[in-house]
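As you go down the protein sequences, you meet chains A and B in turn.
Residue numbers in the first sequence follow the working numbering, run continuously in steps of one, and reach 538 at the last position.
Residue numbers in the second sequence follow the working numbering, run continuously in steps of one, and reach 1097 at the last position.
Note that the Cβ used here is the ideal one computed from N, Cα and C, for glycine as well.
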Amino acid sequence: MTVQPVVNYQNAIPKNTFYVDERSKKDEYMKDNHITKISDVGIAADKFANNVVYGINGLKGSKNSNFYQFLSLGMVPYLVGSAMLIALFNGVNHVVTNSHSQGKAARTGFALGAGVILYGLGKCLGSGLIDLGVKATTGVDLDMPYKKVVKNLPEYVGDPNPNTVEYHKVFESVDFPYWQMIEKKGIMEGDRFKFYDKFAKKMGYDEKLNSPDQVVQPSILEVVTRANATKAIVPFLWAATGVALAQQSAYQVLADFVRKPALNGGLEKLLNAPKVFAACTVEALEQLWKGREIIEGGEYFKNRTAGIIGKILILSSVGSVVLGVLCAKLGMHKKKPQSNIDLSKSYKEC
Amino acid sequence: MIDFNTFQNTTANKRVPIKTIQKPKGELLLETNLLDDIVYAAKDTKKDVFNLVNALKSGKSNDHDLGSMGNLGLLAGGAGIASYLATKKATPLTKLMEFVGVGTFIGSMALWPKIFIDTPTKAFFGFDPHRKYIDSQGRKKDFFTDNQYLPWDLWSSEEINQIGDKMFVPKNIPERENYIKEKMRTIALQDNTLWMLSAGFGVPLMTALVSSAVKEPLGDVIRNAKFDFYKNWADNIENYHKYFDVRKNISAPFFTKFSQTEITTSRTKFIDDLIRVFSPIEELAHNKDLGDREAFENKAALNRFGLKKPLTKLMEPKFIEDFAIEDLAEKFLKNPISFKLVNDELANVRNPIVKHHPRVLKFLPPEDIAVRKKDFSFIADTIEAKCTKEDFIKLLKKANEDKSIDKNFAQKIVQAGIDLNEPKYLIPDSLIKQVFDTINETSEYTRKSDKMCLKNVAKIYDTYMRQLISSTNSLIDMANTLYARNEDSFHTKAYLQIRDTFAKALRLTDEEMLVILKGSTSAENIVKASDEAKKVAAKYADVIAAGTDKEAIKVANEAIGRAQKAVDDARNAVTKSDDVIKNAFVRLVNNEELYNETAFKAMDICQKTNAKLESVAESFIKEHLLLLEKQADGLPDEFNVLKKFYKNYPMGTRSGTFKQQIVLLKACSDADLISAVTRFLSIADYEIQCLQKPNSTKFLRDFKAIPKMAPVNNEEAFKDTVKHIIYHGDISAAANQNGMKNVRQMYEEVMDFIYNPPTTSRTQKALRYPEYVIAFNEARLEKKVISMSKRNFATPNFKWKRLYIPQGVEATKMGNRIETMLADYCDNFRPSNRWTKMFAGMFVGVCALTVGAQMFFGRTDGRKREVLNTHVNV
């Protein structure tokens, strides 16, 4: 094997220009790799289903167990741990409490169990809201997923060696964003730079740029970086709010539904569940905001500290999303060109 | 179209110099221990903050930094959760435990792979699968994170060969290094996967166990700190008078000045100033060493109840000072000018033109004129009638008593006529004297502020001592009740633990400690002796049953005798050490007059009725127990054990327990005894009524709220709820269970029933003599007695803020059914034991599985080896 000379492409040719040799074209625009419309839930389901395979691969020490599989497996401790926590809070109450504190333990257990679930929901919601906000204000879809077909290495002689499918996101890495996928999608839709042009227009370039990719890509990366940095914090604030929300007595209404599940109350009860959940959430939000603690018989008292911290949690989680989106939008301002090249001037091919 | 390849190969190559690949500048980090990791974690957190700010500012970052920022979010979220949950908790310990819980969880997440994956792998295979390295960009990364990207050139071949030696890789195989690397890769990958699979089980269990293990010592720390704090307060009470003296000295010039001038500032402000000068609490509040919220609370309380009221009363100027009246009257009548002036003024007041008179207007707000007119009419009348001196004095005195008169204004009027600059008139020394008297220790003020200070001592009692005393008592009682049929050492151990804590907290002298220690060791002897007896009994069980081997029976009897003796000894020693603790406690509180006026009154009543009530209570208990014994036959099958208990242990044994209880209560304090006995009688009353009228609403009609709360057919549920309230003060659980509504009203009525019940004919019969009935009712109705015992029982003073009142141990047991009592013991003491056993077992299982699995790592099956070998050979 010969050592390939490393060429400094930066100076030699414009980065990611249209001119790509046939071989590269074949590689980069591989038929199987393309942007899909699969949802986050779909990806999660795919990872969930495949985690069995990934786990076995990992335990075998397979060469083909890559970083994607490792990250997918990261879902397992979350799910198992959540189930474990719920079980710890609720499963053994009848064994480890005395008869007097059983009712109380059941209530606390339910609140903490609901907290575990609302933690997860809050986290999803927090990052989802950032994604939504960033998409709405800048047009950058942080979630843009693409399908990647991975050719596996042979594990042993005669390994049938099937390909595996992975779902990545175009902007999952700020170091190596997969621009080619965007361009490929553009080609499919008839304009290679469609996405970039759109973004450039949003940035404030009124005229169509000759090579928008060079102008737009750093800006997009700035947006993505800022959004990701915000996403390091915001989902956890939402998760904390979720846990605090679950502590409100309003949610105890749901306890009955959970303990005597669906079939017991018939279809009607099942259909009512989302409604009840929504009502409980609204009520719980009010309780959290005001620091109210309800006692039986409609009596309530005000827990001032709880009210203050509740307000801080709600305000910080909502405020952080707004600030995060605004901060991400900062990235897409029109910059002064660093070179003297007139970007809007068209060049002739030579 | 241009040929790109040509372009690349020719033009570009010519223009741009070819660079060779440089070896990355990164380096492998040394293996770290736990302490290093903690330091690294702190440093990394700092770095993360910096990176986050930088990323948000500049919009530039990298994948590694963005990834590690998630830790910050986790910390922030954790802090948020813990702070919120803490607000829902009542005591400092439970508040703190929320933070400890979150901290432990985050810690466990980090520690789980460190302890149960890295360490065993290192032991088995000689390398750390989470070895870190620094890449060429200066970022710290795990070497084995990405299975398909391993920068092996960071490792020296020596190191790899050493690891190979530890893995017993033969020395002479070709491409040994590659082989070892491949093995390391495999093992690390397996480890990572195992980590992902096991953490979900291990981390929550680890968190739960560590938290519960930490809770007790943490509680000790908090209790001790609290004790020290309150001890400080107690010390300060001793220094209280010193503070007072200092204050007095400081304020002396103030008063000199005050005595020489008129009171020109507003009265309220003046009184506030006075309070500030004389409040020792104020001094404490501004003392930074003691700086605590409670000091300020005390201050507020002091202002409310203490100094302000008497001072205000004192400072309220009279129309004219009593001692000056005569003097004044004389001068007033003698001096025609003053007479004229006053007359003029009064005339003006009476005349509508007064509104335009500047001098009057100065003093009179327009809206007050009507009132003031009335005020002065009497003087004007006097003047017009040209009354005698005596009459005038009489009238002045009357004016002093009349509160509706604006005395200040009257003063001014008088001032206009008479030179009152002489201090003996309206700026009297007597006032100062009275102020000093007020703050003197004999005065009301001192007593009240003392009380405020002593409130802190009461807090020691409330928050710390009381609980411990009741748990100690309960444990003594429990040991006494249960030893005969259950030698379970658990109870004894729990008892010892609490005892030690208690002794430690009380700062006993060495001699006293010795007594306590003796009590502890002898309690331990119970365990030993009963274990021995058990063993012997088990060994000779068959022989004893056959009744043939006399020697064996003798040995067994001896062992049982020893056990019996050990128990008796222990009981004595324990009682002695109990006394020590109680004395120590009394020493602490008695000096400080914890038992205030109220307490003394209660004690008085107690002394009167003590002896009678004790015997009454005993007879009552006996009667009650007989009823219960009869009832035991009808118990359902779940109470088989209990039935046996009734059968095997006759009446005397059990009533002895209650007798013991009363003795203990008596030792505790007389006021407590009387209130407890009262409570017991009420409770017993209730129980007996429940028993006697199982299906009648008649007696329940006493509760007015019944129709609203419970339908008649739900009577049992109602009874249950009432019982819950009586015994535990815990309303919500029982009410929830039974679907009761408006429990607040019910609670109030139940409390009324307990504390102020109608004396039934049965009770009267039991009390036998009318004077007993009177004493009983007195004790029961005496609110102050009730307030003495409110910490242990459900009371009318239930704070609706707290859903749960600490349940009184005495209340739980006294008058309770035997089966409930026994069930309660088991209920209370088994759970934590069971919990630990259950989860510790699970945790050990998960750990063993995790560690054990690693022993099978790194093995390659035949087909794999083939590929490996072909690779190696190529």
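For this session: Give the single residue among B:Trp-335, B:Gln-371 and B:Val-738 whose Cα lies nearest to the Cα of Val-1074 (chain B).
Result: Within the second sequence, the letter at position 851 stands for residue 1074 (chain B). Selected option, being the one with the closest Cα: B:Trp-335.
Problem set entry | Same chain only: Cβ atoms within 8 Å of Ile-386 (chain B), ignoring 5 sequence neighbours per side | Residue numbering aside, residue 386 (chain B) sits at position 163 when the second sequence is read from its first letter. Closer than 8 Å at Cβ, skipping near neighbours: Phe-348, Gly-349, Phe-350, Ile-403 and Met-407.
Exercise. Secondary structure at His-356 (chain A), three-state DSSP: helix, strand or coil?
Worked result: Against the first sequence, residue 356 (chain A) aligns to sequence position 168. Reduced to three states, the DSSP call for His-356 (chain A) is strand.
Exercise. Which word fits Pro-400 (chain A), buried or exposed, when buried means at least 16 other C-beta atoms lie within 10 angstroms of its C-beta?
Worked result: Position 212 of the first sequence, counting from 1, holds the residue named residue 400 (chain A). Flag for Pro-400 (chain A) reads buried.
Problem set entry | Cα-Cα separation, Thr-413 (chain A) to Ala-233 (chain A) | By 1-based counting over the first sequence, the position of residue 413 (chain A) is 225. By 1-based counting over the first sequence, the position of residue 233 (chain A) is 45. For Thr-413 (chain A) and Ala-233 (chain A), the distance between alpha carbons rounds to 27 Å.
Exercise. Anyone know if the C-beta pair for Lys-373 (chain A) and Ile-497 (chain A) falls short of 7 Å?
Worked result: Within the first sequence, numbered from 1, the residue matching residue 373 (chain A) stands at position 185. Within the first sequence, numbered from 1, the residue matching residue 497 (chain A) stands at position 309. Result no, Cβ atoms of Lys-373 (chain A) and Ile-497 (chain A) do not sit closer than 7 Å.
Problem set entry | alpha helix (DSSP H) runs wholly inside the stretch 207-282 of chain A, at least 4 long, in chain order | 210-216, 228-248, 255-261 and 263-278
Problem set entry | 7 Å Cβ cut-off: residues of chain A touching Pro-427 (chain B) | By 1-based counting over the second sequence, the position of residue 427 (chain B) is 204. Per Cβ cutoff of 7 Å: Gly-269, Met-272, Leu-273 and Leu-276.
Problem set entry | Residue range of the unbroken beta strand (DSSP E) whose run includes Pro-333 (chain A) | Taking the first sequence and counting its residues from 1, the one referred to as residue 333 (chain A) is at position 145. Looking at the DSSP string, the run of the beta strand (DSSP E) that includes Pro-333 (chain A) is 333-338.
Exercise. Which residues does DSSP pair with Asp-260 (chain B) in a beta bridge?
Worked result: As a working note, residue 260 (chain B) is residue 37 in the second sequence. Paired residue(s): none; Asp-260 (chain B) is not in a bridge.
For this session: Using a cut-off of 8 Å between C-beta atoms, extract the partners of Lys-318 (chain B) located in chain A.
Result: Locating residue 318 (chain B) in the second sequence gives position 95, where the first residue counts as 1. Residues of chain A passing the Cβ test: none, with the nearest at roughly 10 Å.
For this session: Give the single residue among A:Leu-503, A:Thr-469 and A:Asn-491 whose Cα lies nearest to the Cα of Ala-302 (chain A).
Result: The count along the first sequence starts at 1 and reaches residue 302 (chain A) at position 114. Ranked by how close their Cα comes to the Cα of Ala-302 (chain A), the residues A:Leu-503, A:Thr-469 and A:Asn-491 have A:Thr-469 in first place.
For this session: Return the residues of the stretch 239-257 of chain A that lie within a Cβ-Cβ distance of less than 7 Å from chain B, sorted by chain order.
Result: Those would be Gly-243, Gly-246, Leu-247, Gly-249, Ser-253, Asn-254 and Phe-255, in chain order.
Problem set entry | Rounded C-alpha distance that separates Ser-361 (chain A) from Ala-516 (chain A) | Mapped onto the first sequence, residue 361 (chain A) falls at position 173. Mapped onto the first sequence, residue 516 (chain A) falls at position 328. Each residue's Cα considered, the two are about 16 Å apart.
Exercise. At what residue ranges does the stretch 454-522 of chain A contain a whole run of the alpha helix (DSSP H), taking only runs of 4 or more?
Worked result: 454-478 and 492-517
For this session: Identify the continuous beta strand (DSSP E) that holds Ile-357 (chain B) and give its terminal residues.
Result: Against the second sequence, residue 357 (chain B) aligns to sequence position 134. Run containing Ile-357 (chain B): 355-357, per the beta strand (DSSP E) assignment.
For this session: Buried or exposed for Trp-375 (chain B), please, with buried defined as at least 16 other CB atoms from any protein chain shown within 10 angstroms of its CB.
Result: Here residue 375 (chain B) refers to the residue found at position 152 when the second sequence is read from its first residue. The residue in question, Trp-375 (chain B), is exposed, as its Cβ has fewer than 16 Cβ neighbours within 10 Å.
Problem set entry | DSSP three-state assignment for Glu-377 (chain A), whether helix, strand or coil | Start at 1 with the first residue of the first sequence, and residue 377 (chain A) comes out as number 189. In this structure, Glu-377 (chain A) counts as coil in the three-state DSSP scheme.
Exercise. What is the rounded straight-line gap between the Cα of Arg-1082 (chain B) and the Cα of Ala-299 (chain B)?
Worked result: In the second sequence, counting from the first residue as 1, residue 1082 (chain B) sits at position 859. In the second sequence, counting from the first residue as 1, residue 299 (chain B) sits at position 76. Arg-1082 (chain B) and Ala-299 (chain B): Cα-Cα distance of roughly 42 Å.
Exercise. Got a sec: is the Cβ-Cβ distance from Thr-344 (chain B) to anything in chain A below 7 Å?
Worked result: The residue labelled residue 344 (chain B) in the question sits at position 121 within the second sequence. Taking Cβ atoms only, chain A never reaches closer than 7 Å to Thr-344 (chain B), which makes this a no.
Problem set entry | Under 9 Å by beta carbon: chain A residues contacting Gly-1068 (chain B) | The residue labelled residue 1068 (chain B) in the question sits at position 845 within the second sequence. The contacting residues do not exist; Gly-1068 (chain B) stays about 13 Å from chain A at best.
Exercise. Taking C-beta to C-beta, are Thr-344 (chain B) and Asp-260 (chain B) nearer than 7 Å?
Worked result: To locate residue 344 (chain B), count along the second sequence from 1; it is residue 121. To locate residue 260 (chain B), count along the second sequence from 1; it is residue 37. No; because the gap between Cβ atoms is not below 7 Å, this pair is not in contact.
Exercise. Taking the alpha helix (DSSP H) that Lys-419 (chain A) falls in, what are its first and last residues?
Worked result: For the purposes of this step, residue 419 (chain A) is identified with residue 231 of the first sequence, where counting begins at 1. Its alpha helix (DSSP H) spans residues 400-419.
Exercise. What residues in its chain sit with their C-beta under 6 Å from that of Phe-298 (chain A), if we drop five residues either side in the sequence?
Worked result: The residue you call residue 298 (chain A) lines up with position 110 of the first sequence. Ala-443.
Exercise. According to a CB-to-CB cut-off of less than 8 Å, which residues of the stretch 420-442 of chain A neighbour chain B?
Worked result: From the stretch 420-442 of chain A, only Ala-420, Ile-421, Val-422, Pro-423, Phe-424, Leu-425, Ala-427, Ala-428, Thr-429, Val-431, Ala-432 and Gln-435 have a Cβ closer than 8 Å to chain B.
Exercise. Can you tell me whether DSSP reads Phe-1079 (chain B) as helix, strand or coil?
Worked result: Here residue 1079 (chain B) is taken as the residue at index 856 of the second sequence, counted from 1. Coil at Phe-1079 (chain B), not helix or strand.
Exercise. Alpha carbon to alpha carbon, how far is Pro-427 (chain B) from Val-506 (chain A)?
Worked result: Position 204 of the second sequence, counted from the start, is the residue given in the question as residue 427 (chain B). Position 318 of the first sequence, counted from the start, is the residue given in the question as residue 506 (chain A). Cα to Cα, Pro-427 (chain B) sits roughly 30 Å from Val-506 (chain A).
Exercise. Helix, strand or coil: how does DSSP classify Lys-364 (chain B) here?
Worked result: Locating residue 364 (chain B) in the second sequence gives position 141, counting from the first residue. Correct three-state label for Lys-364 (chain B): strand.
Exercise. Is the CB-CB distance between Ala-305 (chain B) and Glu-321 (chain B) below 7 Å?
Worked result: Numbered from 1 along the second sequence, position 82 holds the residue referred to as residue 305 (chain B). Numbered from 1 along the second sequence, position 98 holds the residue referred to as residue 321 (chain B). Closer than 7 Å, so yes.
Problem set entry | Asp-319 (chain A) versus A:Leu-309, A:Met-332 and A:Tyr-307, residue with shortest Cα-Cα distance | One-based indexing of the first sequence puts residue 319 (chain A) at position 131. With distances taken between Cα atoms, Asp-319 (chain A) lies closest to A:Met-332.
Exercise. For the candidate residues B:Gly-361, B:Thr-368, B:Leu-441 and B:Thr-1059, whose alpha-carbon lies nearest to that of Leu-261 (chain A)?
Worked result: As a working note, residue 261 (chain A) is residue 73 in the first sequence. Nearest of B:Gly-361, B:Thr-368, B:Leu-441 and B:Thr-1059 to Leu-261 (chain A), Cα basis: B:Thr-368.
Exercise. From which residue to which residue does the alpha helix (DSSP H) around Ser-291 (chain B) run?
Worked result: Counted from its first residue, the second sequence places residue 291 (chain B) at position 68. Segment 286-291, the alpha helix (DSSP H) holding Ser-291 (chain B).
Exercise. Given Ala-278 (chain B), which residues of its chain have a CB within under 8 Å of its CB, disregarding the five upstream and five downstream residues?
Worked result: Taking the first residue of the second sequence as position 1, residue 278 (chain B) is located at position 55. Excluding residues within five positions, the ones whose Cβ falls inside 8 Å are Ser-284, Asp-288, Leu-289 and Met-292.
Exercise. Under 8 Å Cβ-Cβ, which residues of chain A neighbour Ser-434 (chain B)?
Worked result: Counted from its first residue, the second sequence places residue 434 (chain B) at position 211. Correct list: empty, because the minimum Cβ distance to chain A is about 11 Å.
Exercise. Applying a beta-carbon distance threshold of less than 8 Å, which residues of chain B neighbour Cys-312 (chain A)?
Worked result: On the first sequence, residue 312 (chain A) is found 124 positions in, with the first residue counted as 1. By Cβ distance, chain B contributes nothing, its closest Cβ being about 14 Å from Cys-312 (chain A), past 8 Å.
Problem set entry | Residue-chain proximity (Gly-423 (chain B), chain A), Cβ-Cβ < 7 Å | By one-based count along the second sequence, residue 423 (chain B) stands at place 200. With 7 Å as the cut-off, Gly-423 (chain B) counts as an interface residue toward chain A.
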